[in-house]
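Colleague: Chains as they are written, first to last, in numbering that gives the first Met the number 0: chain A, 0 to 334; chain B, 0 to 334.
Protein chains: 2
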Amino acid sequence: MAADEMERVVLVRHIDGMPTPDDFRIERLAIPDLAEGQFLAKNHFVSCDPGTRSRLSPGASYAPPLPPGAPVDGFCVGEVIASRNDRFAVGDHVALSGWATHVVSNGRGYCLKLPDLDVPEQLWIGLLGVPGMTAWFGLKRVAQFKAGERVLVTSAAGPVGATAGQLAGLWGASEVIGIAGGPVKCQWLRDIGFTTAIDYKAADFEAQFAVAAAGGFDVMFDNVGNALIDRALPHMKLRGRIVVSGQVADYNTPNDAIPGLHNTREFIGRRLRMEGMVVFDDLPGFAAAQAELAGLIKAGSVQYREEIFDGLARLPEAFCGLFTGQSFGRRLIRV
Amino acid sequence: MAADEMERVVLVRHIDGMPTPDDFRIERLAIPDLAEGQFLAKNHFVSCDPGTRSRLSPGASYAPPLPPGAPVDGFCVGEVIASRNDRFAVGDHVALSGWATHVVSNGRGYCLKLPDLDVPEQLWIGLLGVPGMTAWFGLKRVAQFKAGERVLVTSAAGPVGATAGQLAGLWGASEVIGIAGGPVKCQWLRDIGFTTAIDYKAADFEAQFAVAAAGGFDVMFDNVGNALIDRALPHMKLRGRIVVSGQVADYNTPNDAIPGLHNTREFIGRRLRMEGMVVFDDLPGFAAAQAELAGLIKAGSVQYREEIFDGLARLPEAFCGLFTGQSFGRRLIRV
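Here it is, written out as structure tokens:
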């Protein structure tokens with residue numbers, strides 16, 4: 000690739016069901032000239048987020064669907080290398096949006112000039128980015144979590160779930176129960192402070208879940224989808240809250256094949272509240288939460304895992320692996 | 000029945016599916032002697048509430064299930080005719096609980112000494128009782144309804160739904176859409192101020208619903224159950240709220256046969272909130288709400304219908320009719 004060129008990931012076709020790497024292609028193009036007010040960032044890391052899946056099929060989600068041929072959005076972190084924007088200078092570190100080696104931005108939309116919190120820069124698209132902020136505001140704003148409550152977290156070894164579980168513990172949860180796939184992930188959850196970790200792939204999952212559920216859940220922080228929510232509903236405590244943070248098991252499923260919620264009788268008797276969230280609603284609170292969370296990370300109180308893939312060309316493969324249960328930690332592409 | 004006797008309705012067996020009158024029997028017994036602190040009320044009216052159904056099957060709801068042979072609870076209004084309780088004097092008008100001609104109470108539990116608001120006394124188990132308070136606090140506390148919002152109400156010709164729809168209109172809803180069964184109920188809804196009334200029994204229900212849904216709903220006040228909620232989910236607006244107030248279509252259905260909620264993808268994108276309610280949580284606010292609502296009723300701003308059956312013996316028949324769509328207004332038994 001020449002110095003005046005960039006690469007980006009483009010959607011080949013609308014996706015029906017599970018995404019595969021050939022649903023994407025890498026496009027090379029000349030870096031466009033900067034207009035007044037724009038700057039150019041060179042990315043260091045690009046992230047894979049399950050939420051991106053929802054824009055790759057027809058039908059509106061929280062953002063409109065991408066047309067085939069369009070470049071795909073995803074979070075990235077890098078450095079300004081040219082600028083015609085007063086607020087962004089060459090050398091500034093920024094978090095932006097774009098599955099690409101370079102991003103041209105006018106500073107609007109999701110565009111964050113990174114303060115110096117003395118953390119690895121990729122954390123800005125990890126625990127200090129959407130996954131960590133989702134955990135933070137999902138517990139604080141949506142669940143209205145209070146010390147002494149018992150918390151169930153699904154996809155608990157993922158970056159959102161692991162952060163939510165650790166924060167719940169730090170903020171005084173009586174117990175934190177995580178559901179994850181496989182003994183390695185479950186052991187890690189125990190290592191980082193989950194009270195209980197349940198392996199959904201284990202033969203005795205039902206029995207393990209029944210034991211954990213006997214104590215009831217004040218908060219369910221769900222990243223998976225309806226099947227686990229329906230299972231948890233009869234075990235929610237009075238005034239329990241279900242945070243619909245992600246639906247990784249349902250993103251690839253047509254609506255009429257998504258498992259139904261049937262145990263809804265519980266909503267009235269137990270005064271349950273189920274609420275969906277998009278963390279960008281909490282943008283005004285990000286800076287304060289990021290500073291506090293960075294402190295917890297540096298103190299070792301909140302831990303995380305990363306899986307780093309080298310080269311933008313591996314992004315489609317890394318993204319598709321999010322939906323097969325094989326990922327373990329924050330998936331990042333080092334550009 | 001001798002002057003020292005009373006009658007009450009007793010559950011014969013746990014009910015599986017639709018209730019029938021022979022699931023109940025009328026039991027005659029001697030009025031018990033009053034212990035210190037108790038009083039005796041003679042009922043004038045007893046009410047039929049769909050919510051009572053949830054306690055007639057095994058399995059806990061917001062209250063534990065009744066055992067076969069137990070007297071059934073239901074709201075009633077009457078007059079104190081004997082008292083050994085300092086707070087309740089002979090002649091006081093009271094609202095209590097019990098499907099019976101007489102109630103012995105110690106003044107605890109659901110027991111309201113009625114203020115003189117110059118309204119027909121049966122309103123205290125109607126719009127000034129559980130149905131009206133459910134509408135009031137469902138909109139105010141649970142839905143956090145705001146002027147300018149568009150509201151969908153199901154079972155809209157029932158006492159909860161009709162009151163909720165009228166209150167939404169009085170409080171500044173941009174439009175109030177009601178779903179009810181049959182042209183007579185729908186015409187009544189239009190007469191009392193609903194913007195639109197949709198007949199779920201009509202051949203063109205789908206088309207009517209599609210027209211109404213095109214404008215989106217900020218609030219769905221649901222008294223019916225999952226089938227209508229699932230239908231409404233894709234039409235909820237950003238930050239829409241679904242109040243789970245009643246589930247009359249699902250009460251008689253085993254959990255695994257309750258229609259599932261499948262359109263749950265909308266929860267995240269639209270930040271939907273679905274919350275169940277039991278109006279007794281709002282007891283501290285009842286008196287103020289009742290005074291205000293009584294004023295609206297006397298001014299003719301909130302209207303209601305009643306279906307009055309004479310004699311406790313007709314209570315089982317009147318109750319079972321709640322689930323067949325034949326009731327139209329508040330069903331009351333004049334004792």
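Even for Gly, the Cβ is constructed at its ideal location relative to N, Cα and C.
Quick check on this structure: which residue in K139/A, K112/A, G310/A and A202/A has the alpha carbon closest to the alpha carbon of A288/A?
Modeller: To locate residue 288/A, count along the first sequence from 1; it is residue 289. It is K139/A whose Cα lies nearest to the Cα of A288/A.
Colleague: Residues of chain B with CB closer than 7 Å to the CB of V102/A, please, in chain order.
Modeller: Counted from its first residue, the first sequence places residue 102/A at position 103. Correct list: empty, because the minimum Cβ distance to chain B is about 25 Å.
Colleague: For a minimum of 3 consecutive residues, which ranges assigned as the beta strand (DSSP E) are wholly contained in the region 99–125 of chain B?
Modeller: Listed in chain order, they are 101–104.
Colleague: From the DSSP output, read off the bridge partner residues of A155/B.
Modeller: Mapped onto the second sequence, residue 155/B falls at position 156. None, per the DSSP bridge assignment.
Colleague: Helix, strand or coil for P315/B, going by three-state DSSP, please let me know.
Modeller: Numbered from its first residue, the second sequence carries residue 315/B at position 316. Helix.
Colleague: Is the beta carbon of M273/B sitting closer than 9 Å to the one on M273/A?
Modeller: Taking the second sequence and counting its residues from 1, one reaches residue 273/B at position 274. Taking the first sequence and counting its residues from 1, one reaches residue 273/A at position 274. Closer than 9 Å, so yes.
Colleague: Within 9 Å (strictly less), CB to CB, does P258/B reach chain A?
Modeller: Within the second sequence, numbered from 1, the residue matching residue 258/B stands at position 259. Closer than 9 Å: yes.
Colleague: Alpha carbon to alpha carbon, how far is R333/B from P63/B?
Modeller: Mapped onto the second sequence, residue 333/B falls at position 334. Mapped onto the second sequence, residue 63/B falls at position 64. If you take the alpha carbons of R333/B and P63/B, they lie about 28 Å apart.
Colleague: Which value, in whole angstroms, describes the spacing of the CA atoms of G125/A and D280/B?
Modeller: Locating residue 125/A in the first sequence gives position 126, where the first residue counts as 1. Locating residue 280/B in the second sequence gives position 281, where the first residue counts as 1. Roughly 41 Å separates the two Cα atoms.
Colleague: List, in chain order, every chain B residue whose beta-carbon is nearer than 8 Å to that of G160/A.
Modeller: As a first step, residue 160/A is located in the first sequence; it is residue number 161 there, counting from the start. Per Cβ cutoff of 8 Å: no residues; G160/A is ~15 Å from chain B at best.
Colleague: According to a CB-to-CB cut-off of less than 7 Å, which residues of the region 189–204 of chain A neighbour chain B?
Modeller: If the cut-off is 7 Å between Cβ atoms, the region 189–204 of chain A has nothing near chain B.
Colleague: Cβ closer than 9 Å: which chain B residues qualify as neighbours of E305/A?
Modeller: Against the first sequence, residue 305/A aligns to sequence position 306. Those within 9 Å of E305/A in chain B number zero; the least Cβ separation is about 25 Å.
Colleague: Check whether the Cβ of N251/A lies closer than 9 Å to any Cβ atom in chain B.
Modeller: Here the question's residue 251/A lines up with position 252 in the first sequence. By this cut-off, N251/A is not an interface position.
Colleague: Which whole-angstrom value is the C-beta distance of F220/A and V150/A, which I expect to be below 8 Å?
Modeller: What you label residue 220/A is simply residue 221 of the first sequence in a count that begins at 1. What you label residue 150/A is simply residue 151 of the first sequence in a count that begins at 1. Going by Cβ atoms, the distance from F220/A to V150/A rounds to 7 Å, so yes, they are a contact pair.
Colleague: Any beta carbon of chain B sitting closer than 9 Å to that of F266/A?
Modeller: Taking the first sequence and counting its residues from 1, one reaches residue 266/A at position 267. By this cut-off, F266/A is an interface position.
Colleague: Quick one: is G275/A near chain B, going by C-beta distance under 9 Å?
Modeller: Position 276 of the first sequence, counted from the first residue, corresponds to residue 275/A. Chain B, which has a Cβ nearer than 9 Å to the Cβ of G275/A, makes this yes.
Colleague: State the Cα-Cα distance for the pair N105/B and G180/B, rounded to the nearest angstrom.
Modeller: If you number the second sequence from 1, residue 105/B lands on position 106. If you number the second sequence from 1, residue 180/B lands on position 181. Straight-line Cα distance between these residues: approximately 41 Å.
Colleague: Give a yes or no on whether 9 Å exceeds the smallest Cβ distance from Q246/B to chain A.
Modeller: Counting from one through the second sequence, the residue named residue 246/B turns up at place 247. With 9 Å as the cut-off, Q246/B counts as an interface residue toward chain A.
Colleague: Restricting to Cα atoms, I'd like to know which of G294/A, L331/A, F318/A and F327/A is closest to D115/A.
Modeller: Position 116 of the first sequence, counted from the first residue, corresponds to residue 115/A. Here the closest residue by C-alpha is G294/A.
Colleague: Classify N84/A as helix, strand or coil using the three-state DSSP reduction.
Modeller: By one-based count along the first sequence, residue 84/A stands at place 85. It is a strand residue.
Colleague: Would you mind listing the alpha helix (DSSP H) stretches within the region 173–231 of chain B that are 4+ residues and don't spill past its ends, in chain order?
Modeller: Entirely contained in the region 173–231 of chain B, the alpha helix (DSSP H) runs reaching 4 residues are, in chain order, 182–190, 204–212 and 225–231.
Colleague: What residues of chain A sit near R27/B, judged by a beta carbon separation below 7 Å?
Modeller: Translated into positions along the second sequence, residue 27/B becomes position 28. Within chain A, no residue comes near R27/B; the closest Cβ sits about 33 Å away, beyond 7 Å.
Colleague: Pick helix, strand or coil for F327/B, following the three-state DSSP scheme.
Modeller: Residue numbering aside, residue 327/B sits at position 328 when the second sequence is read from its first letter. It is coil, neither helix nor strand.
Colleague: Apart from the five residues just before and just after L188/B, which ones in its own chain have a Cβ nearer than 8 Å to its Cβ?
Modeller: The sequence position of residue 188/B within the second sequence is 189, counting from 1. Contacts found: A155, A156, A161, G164, G177, A179 and A196.
Colleague: Would you kindly work out how many angstroms separate the C-alpha atoms of R7/A and F285/A, rounded to a whole number?
Modeller: Here residue 7/A is taken as the residue at index 8 of the first sequence, counted from 1. Here residue 285/A is taken as the residue at index 286 of the first sequence, counted from 1. The straight-line gap from Cα to Cα measures roughly 28 Å.
Colleague: Considering just the uninterrupted stretch of the beta strand (DSSP E) at M5/A, what are its terminal residues?
Modeller: Residue 5/A sits at position 6 when you count from the first residue of the first sequence. Element bounds for M5/A: E4 to L10.
Colleague: As a quick exercise: from A40/A, S300/A, A1/A and V247/A, pick the residue whose alpha carbon is nearest that of F87/A.
Modeller: Taking the first residue of the first sequence as 1, we reach residue 87/A at position 88. Of the candidates A40/A, S300/A, A1/A and V247/A, the one whose C-alpha sits nearest the C-alpha of F87/A is A40/A.
Colleague: Within 9 Å (strictly less), CB to CB, does L271/A reach chain B?
Modeller: One-based indexing of the first sequence puts residue 271/A at position 272. So, interface residue.
Colleague: For S345/B, collect the residues of the same chain with a Cβ closer than 6 Å to its Cβ; drop the 5 residues on either side in sequence, then sort them by chain order.
Modeller: Residue 345/B falls outside the range modelled here, since chain B spans only 0 to 334, and no answer is possible.
Colleague: Drop a sphere of 10 angstroms on the beta-carbon of P315/A, count the other beta-carbons inside from all chains shown, and report buried for 16 or more, exposed for fewer.
Modeller: Start at 1 with the first residue of the first sequence, and residue 315/A comes out as number 316. Buried, by the Cβ-count rule.
Colleague: Alpha carbon to alpha carbon, how far is T263/A from L232/A?
Modeller: For the purposes of this step, residue 263/A is taken as residue 264 along the first sequence, with counting starting at 1. For the purposes of this step, residue 232/A is taken as residue 233 along the first sequence, with counting starting at 1. Their backbone Cα atoms lie some 7 Å apart in a straight line.
Colleague: Rounded to the nearest angstrom, how far is the Cβ of N42/B from that of G73/B, given a contact under 8 Å?
Modeller: Residue 42/B sits at position 43 when you count from the first residue of the second sequence. Residue 73/B sits at position 74 when you count from the first residue of the second sequence. Actually they do not touch by this definition, with Cβ atoms about 10 Å apart.
Colleague: Contact criterion: CB-CB distance below 9 Å. Does N105/B meet it with respect to chain A?
Modeller: Numbered from its first residue, the second sequence carries residue 105/B at position 106. Not one chain A Cβ lies under 9 Å of N105/B.
Colleague: Could you work out which residue in F327/A, L271/A, A256/A and D249/A is closest to I267/B when comparing CA atoms only?
Modeller: Looking up residue 267/B in the second sequence gives position 268. Among F327/A, L271/A, A256/A and D249/A, the Cα nearest to that of I267/B is on D249/A.
Colleague: Could you tell me the alpha carbon to alpha carbon distance between L292/A and R52/A, rounded to whole angstroms?
Modeller: Stepping through the first sequence from its first residue, residue 292/A is reached at position 293. Stepping through the first sequence from its first residue, residue 52/A is reached at position 53. For L292/A and R52/A, the distance between alpha carbons rounds to 27 Å.
Colleague: Select from V9/A, M0/A, V242/A and T19/A the residue whose C-alpha is nearest the C-alpha of N251/A.
Modeller: Indexing the first sequence from 1 puts residue 251/A at position 252. When only C-alpha atoms are compared, the closest one is T19/A.
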